[in-house]
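> Let me give you the structure first, and then I'll get to my questions.
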Amino acid sequence: MSSANPSGKAQRDRLKTDTTNAVAGRVKGLPIQEFLVRVDTLEANVGRTGNYEYGDSLSGFVAYMEERVKELDSSQKELLEMINGMSEDFRATFDVVRKKITNVNTRLNLTMRAMANQVPVGGAVRVTKVKVLEPKPFYGVRDAKALENFIFDIDSTSRPQTQSPKKPKRHWQ
Numbered sequence: 287m288s289s290a291n292p293s294g295k296a297q298r299d300r301l302k303t304d305t306t307n308a309v310a311g312r313v314k315g316l317p318i319q320e321f322l323v324r325v326d327t328l329e330a331n332v333g334r335t336g337n338y339e340y341g342d343s344l345s346g347f348v349a350y351m352e353e354r355v356k357e358l359d360s361s362q363k364e365l366l367e368m369i370n371g372m373s374e375d376f377r378a379t380f381d382v383v384r385k386k387i388t389n390v391n392t393r394l395n396l397t398m399r400a401m402a403n404q405v406p407v408g409g410a411v412r413v414t415k416v417k418v419l420e421p422k423p424f425y426g427v428r429d430a431k432a433l434e435n436f437i438f439d440i441d442s443t444s445r446p447q448t449q450s451p452k453k454p455k456r457h458w459q
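My numbering puts the first residue of the sequence shown at 287, with every later residue one more than the last.
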């Protein structure tokens, strides 16, 4: 490649621009434009110092510039690999954090449901009064029905309320 050929330089510039645009398209949100400005500044500085170091020898300058371009290309590739690696690591870390947040949310919901079933603050627990029946005196045949009703009342209040009605009833004789 000769620097005397302006179409070759334009072609290289277009190639660099296309490559940079492709990289910028893949890695959005990173300061690629800042890197491009810095690369342009470095290329300008290298061009100025190259002229002083090698004099007006174009072949030496061209070789020097080609070597620098190769170094820049390899640096750009290394940078792109590093960025892609960091991006993959970030995605993996983000997935782990997302799973942990889901787990914490699940536990929080379970805790909230369990707390809703607990005793209210202050220890106020509703207590229903238990009806305690007192026996009445038994005076023979006339009170047999009253005794049967008394035993039935005791039996029905001591029995859990969830019993099915299909159970056989007690008959007193």
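Backbone N, C-alpha and C define an ideal beta-carbon position, used for all residues, glycine too.
Note that this is a predicted model, so its numbers are computed, not measured.
In whole angstroms, what is the alpha-carbon distance linking ARG354 and ASN307?
Along the sequence shown, one-based indexing puts residue 354 at 68. Along the sequence shown, one-based indexing puts residue 307 at 21. Taking the straight line from one Cα to the other gives about 21 angstroms.
> So VAL325 packs on LEU358, CB below 8 angstroms; how close in whole Å?
Here residue 325 is taken as the residue at index 39 of the sequence shown, counted from 1. Here residue 358 is taken as the residue at index 72 of the sequence shown, counted from 1. Right, the Cβ-Cβ distance comes to about 6 angstroms (below 8 angstroms), so this counts as a contact.
> Helix, strand or coil for GLU320? Go by DSSP, reduced to three states.
For the purposes of this step, residue 320 is taken as the residue at position 34 of the sequence shown. Here GLU320 sits in helix by DSSP.
> Can you check which of these residues, ALA430, LYS302, LYS431, is closest to GLN362 by C-alpha distance?
Counted from its first residue, the sequence shown places residue 362 at position 76. When only C-alpha atoms are compared, the closest one is LYS302.
> Along the chain, where does the alpha helix (DSSP H) that runs through LYS356 open and close?
One-based indexing of the sequence shown puts residue 356 at position 70. It spans 344 to 402 - the alpha helix (DSSP H) in which LYS356 sits, taken as one unbroken run.
> Between THR388 and LYS417, how many whole angstroms is the CB-CB distance? I'm expecting something under 8 angstroms.
Position 102 of the sequence shown, counted from the start, is the residue given in the question as residue 388. Position 131 of the sequence shown, counted from the start, is the residue given in the question as residue 417. Their Cβ separation, rounded to whole angstroms, is 51 angstroms, which puts THR388 and LYS417 out of contact at 8 angstroms.
> Can you grab the Cα-Cα spacing for the pair LYS295 / VAL348, in whole Å?
Taking the sequence shown and counting its residues from 1, one reaches residue 295 at position 9. Taking the sequence shown and counting its residues from 1, one reaches residue 348 at position 62. In a straight line, the C-alpha of LYS295 is about 12 angstroms away from that of VAL348.
> How big is the Cα-Cα spacing for LEU328 and ARG384?
Reading the sequence shown from its first residue, position 42 is the one you call residue 328. Reading the sequence shown from its first residue, position 98 is the one you call residue 384. Cα to Cα, the separation comes out at about 42 angstroms.
> Note down the Cα distance separating ASN370 from PHE376, rounded to an integer number of angstroms.
Counted from its first residue, the sequence shown places residue 370 at position 84. Counted from its first residue, the sequence shown places residue 376 at position 90. The straight-line gap from Cα to Cα measures roughly 10 angstroms.
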